[in-house]
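A.B. asks: Quick one: the structure is below, questions incoming.
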Amino acid sequence: MEIVKRPHRTHFPAWAADKPKILVLSADLTSSCEADLFRNQHPQRFISMGMAEQNMMSWAGGLAREGFEPWIHTFAVFVCRRPFDQVAMSIGYPNLKVRLVGFLPGITTPGGVTHQAIDDIGLMRLIPNMCILVTGDATEVESVLDVAHTVNGPVYISMLRGEVPRLFASPLKLGQARILSTGKDLAIISSGISTEEALRVQSCLKAKAVSVQHLHVSTIKPFTDPRIQDTIEQVRYGVITIENHSIIGGLGSAVAEVMATMGSSKRLVRLGIQDVYAHGASRPYLMRELGLDAMALIDAVESLLGQALNIEAQDLAAVRIDAVHSEAKAEAL
C-alpha cells in the first residue's frame, strides 16, 4: 500500500494556481490544515482570520456573494459546532459557493472531545443546500477538489491530512459509490477511514465462503446513488454500515432512511461511535474500544449470518499504525 505524505498540502496550491477566484481562509490553523504551502505560493489569495471561526464563516459568505470561491481550512469541529448558525444562515441559506474543508474527522486525532468531530456529518446533513463529501484515501483527497469546485452551492469536505494511504486508482465521483467487492450474502457500506479497516476482513470472509458486496461511499449528501438501494435489495441477510462518526446522523442513518423509505425488511447493523463521546487515545486503540475495527465488523457479520466464523484478530490483514508525532503533522492533535 502506498502512503502519501500530506497530499492536500502539495496538490491544492498547484490545482488552484489557474483559478484566481479561489481564496483560502484560515483561523490560526494554517499549517495544521495543510494550507501553508498555498499561503506561501499565493499570499494575495490567503486571508488569516485569527481564532474567530464565526466571523470567518460570515466573511466567506460575503466573499462568495462578490464572485469569489472561498475555501475555508480549519478543524472539522470548528466548522460544524461553534459557527453552526453562521454556516447555516450566511452560507447554507443563500446557497453560496463556499467550500468548508474540515480536518481531523472523528477519531483521526488523539486530541480528545474538543477536537474529535464525531458529529460533523450529522450536523452538516441538517443544512439545506449543503453537499457533503468524505475522503477515504489520498486519491480522494486530491480528486475531491475537482468535484467540490463544480458544485453550484456550499460543500462540506471531511478531509484527511498527514500520511494518507492510496487505496483507489480512479478519482472520486459525485454521488457514485465505489464497488469494492461483489456478493449476495450481505452488504458492507463504509466511508472515510473505515473503508481501510473494512478491507482488512475481505480475504478472511472470502476464505469462509461469505459473499460480500462492499460499497465505499464518498458522497453523503445528496444520498441518491441507485447502487445503494440496488445493493440493499440484492443481498440475502442484511447490511452493515461502518463509519468514523456517531451512528446518529451519519452514514448509518442515511442508509437506514433509504431502507425505511424503500420498505426493506433486511437487518441493518450500524458500526460507529455509539451515543458516547470519544476521548484522547491512539486511533487503533479507539477503533478497537469503540467497536470500529475489523474484529467488530467480523462480529457484525456473524450476527447477520447467525453463525460463528471462528476468525481471530491474527487472521486479519495487518493494521496500519499511524505515528502520533510525525513531520507530516503540525502537532499531535
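Position one of the sequence shown corresponds to residue 1 (the working numbering), numbered consecutively onward.
Note that beta-carbon positions come from the ideal geometry of N, C-alpha and C, so glycine has one too.
1. Would you mind working out which of 235, 281 and 16 sits nearest residue 149, comparing C-alpha positions?
2. Exposed or buried, which one is residue 152 when buried takes at least 16 other CB atoms within 10 Å?
3. Go through the stretch 50 to 108 residue by residue and report every complete run of the alpha helix (DSSP H) that reaches 4 residues or more, in order.
4. Mapping the DSSP letters down to three states, classify residue 129 as helix, strand or coil.
5. Identify every residue that forms a DSSP beta bridge with residue 238.
6. Please classify residue 113: is it buried, with 16 or more other beta-carbons within 10 angstroms of its beta-carbon, or exposed?
7. Determine the extent of the beta strand (DSSP E) in which residue 23 is found, giving its start and end residues.
8. Compare the Cα-Cα distances from residue 142 to each of 42, 317, 89 and 165 and report the closest residue.
9. Between residue 172 and residue 295, what straight-line distance do the alpha-carbon atoms span, to the nearest angstrom?
10. Please state whether the Cβ-Cβ distance between residue 215 and residue 232 is less than 8 Å.
11. Considering only residues of the stretch 252 to 304, which uninterrupted alpha helix (DSSP H) runs meet the minimum length of 4 residues and lie entirely inside it, listed in chain order?
12. For residue 306 and residue 298, what's the separation of their Cα atoms in angstroms?
13. Please work out which residues of its chain come closer than 7 Å, Cβ to Cβ, to residue 34, disregarding the five sequence neighbours upstream and downstream, and give them in chain order.
14. Skipping 5 residues on each side, what residues in its chain have a beta carbon closer than 6 Å to that of residue 200?
15. Going along the chain, which residues of its own chain have a beta-carbon closer than 7 Å to the beta-carbon of residue 313, five neighbours each way excluded?
16. Report the rounded CA-to-CA distance for residue 127 versus residue 264, giving the unit in angstroms.
17. Sort out for me which residues DSSP pairs residue 212 with in a bridge.
18. Please list the terminal residues of the continuous beta strand (DSSP E) segment that includes residue 180.
19. Taking C-beta to C-beta, are residue 218 and residue 181 nearer than 8 Å?
20. For residue 1, which option in 78, 139 and 185 has the closest C-alpha, if you only look at C-alpha atoms?
21. List the DSSP bridge partners of residue 135.
22. Quick check on the burial criterion: 16 or more other C-beta atoms within 10 angstroms. Buried or exposed for residue 184?
23. So, is residue 97 buried or exposed, given that buried needs 16 or more other C-beta atoms within 10 angstroms?
24. Considering only the alpha carbon of each residue, which of 115, 118, 121 and 157 lies closest to residue 135?
25. Taking the continuous alpha helix (DSSP H) assigned at residue 12, which residues delimit it?
26. Kindly indicate the opening and closing residues of the beta strand (DSSP E) around residue 194.
27. Pick helix, strand or coil for residue 246, following the three-state DSSP scheme.
28. Which residue or residues does DSSP assign as beta-bridge partners of residue 159?
29. From what residue to what residue does the beta strand (DSSP E) around residue 355 run?
30. Please state whether DSSP places residue 142 in a helix, a strand or coil.
31. In whole angstroms, what separates the C-alpha of residue 84 from that of residue 75?
32. Could you work out which residue in 60, 39 and 193 is closest to residue 92 when comparing CA atoms only?
33. Taking the straight line between their C-alpha atoms, what separation do you get for residue 277 and residue 256?
34. Can you confirm whether residue 285, when its beta carbon is compared against all beta carbons of chain C, has any partner nearer than 8 Å?
C.D. replies: Checking against the coordinates, here is how it stands:
1. The sequence position of residue 149 within the sequence shown is 149, counting from 1. The candidate whose alpha carbon is nearest that of residue 149 is 16.
2. Here residue 152 refers to the residue found at position 152 of the sequence shown. When all chains shown are included, residue 152 counts as exposed.
3. 53 to 65 and 77 to 80
4. Translated into positions along the sequence shown, residue 129 becomes position 129. Residue 129 falls in the coil class under three-state DSSP.
5. Along the sequence shown, one-based indexing puts residue 238 at 238. 186 and 267, per the DSSP bridge assignment.
6. Locating residue 113 in the sequence shown gives position 113, counting from the first residue. Counting Cβ neighbours within 10 Å, residue 113 comes out exposed, since fewer than 16 surround it.
7. The count along the sequence shown starts at 1 and reaches residue 23 at position 23. For residue 23, the enclosing beta strand (DSSP E) begins and ends at 22 to 26.
8. As a first step, residue 142 is located in the sequence shown; it is residue number 142 there, counting from the start. Among 42, 317, 89 and 165, the Cα nearest to that of residue 142 belongs to 165.
9. Mapped onto the sequence shown, residue 172 falls at position 172. Mapped onto the sequence shown, residue 295 falls at position 295. Spanning the two alpha carbons is a distance of roughly 28 Å.
10. Along the sequence shown, one-based indexing puts residue 215 at 215. Along the sequence shown, one-based indexing puts residue 232 at 232. Taking 8 Å as the Cβ cut-off, residue 215 and residue 232 do not qualify as a contacting pair.
11. 283 to 289
12. On the sequence shown, residue 306 is found 306 positions in, with the first residue counted as 1. On the sequence shown, residue 298 is found 298 positions in, with the first residue counted as 1. Whole-angstrom Cα-Cα distance: 12 Å.
13. Locating residue 34 in the sequence shown gives position 34, where the first residue counts as 1. Within the same chain, residue 34 has close Cβ partners 6, 8, 9 and 161.
14. Numbered from 1 along the sequence shown, position 200 holds the residue referred to as residue 200. Within the same chain, residue 200 has close Cβ partners 294, 316 and 317.
15. As a working mapping, residue 313 is identified with position 313 in the sequence shown. Here the set comprises 295.
16. The residue you call residue 127 lines up with position 127 of the sequence shown. The residue you call residue 264 lines up with position 264 of the sequence shown. Answer to the nearest angstrom: the Cα atoms are 27 Å apart.
17. In the sequence shown, residue 212 corresponds to position 212, counting from 1. DSSP lists 186 as partners of residue 212.
18. Residue 180 sits at position 180 when you count from the first residue of the sequence shown. Residues 178 to 181.
19. Here residue 218 refers to the residue found at position 218 of the sequence shown. Here residue 181 refers to the residue found at position 181 of the sequence shown. Contact flag unset, no.
20. Numbered from its first residue, the sequence shown carries residue 1 at position 1. Minimum Cα distance to residue 1 is reached at 139.
21. Numbered from its first residue, the sequence shown carries residue 135 at position 135. For residue 135, which the question treats as bridged, DSSP gives no partner whatsoever.
22. As a position in the sequence shown, residue 184 is number 184, starting the count at 1. By the neighbour-count rule (16 or more Cβ atoms within 10 Å), residue 184 is not buried but exposed.
23. One-based indexing of the sequence shown puts residue 97 at position 97. Looking at its Cβ environment, which holds 16 or more other Cβ atoms inside 10 Å, residue 97 is buried.
24. In the sequence shown, counting from the first residue as 1, residue 135 sits at position 135. Among 115, 118, 121 and 157, the Cα nearest to that of residue 135 belongs to 157.
25. Here residue 12 refers to the residue found at position 12 when the sequence shown is read from its first residue. Start and end: 7 to 16.
26. The residue given as residue 194 occupies position 194 in the sequence shown. No beta strand (DSSP E) contains residue 194, which is instead part of the alpha helix (DSSP H) from 194 to 199.
27. By 1-based counting over the sequence shown, the position of residue 246 is 246. Residue 246 falls in the strand class under three-state DSSP.
28. Taking the sequence shown and counting its residues from 1, the one referred to as residue 159 is at position 159. The partner list for residue 159 (beta bridge, DSSP) reads 103.
29. For the chain, the structure presents residues 1 to 333; residue 355 sits outside this window and is missing.
30. Translated into positions along the sequence shown, residue 142 becomes position 142. If DSSP states are grouped into helix, strand and coil, residue 142 belongs with the helices.
31. Working through the sequence shown from its first residue, we reach residue 84 at position 84. Working through the sequence shown from its first residue, we reach residue 75 at position 75. Cα to Cα, the separation comes out at about 13 Å.
32. Within the sequence shown, the letter at position 92 stands for residue 92. The residue with the shortest Cα to Cα distance from residue 92 is 60.
33. Start at 1 with the first residue of the sequence shown, and residue 277 comes out as number 277. Start at 1 with the first residue of the sequence shown, and residue 256 comes out as number 256. Those two C-alpha atoms are separated by around 22 Å.
34. Absent from the structure: chain C. Only one protein chain is present.
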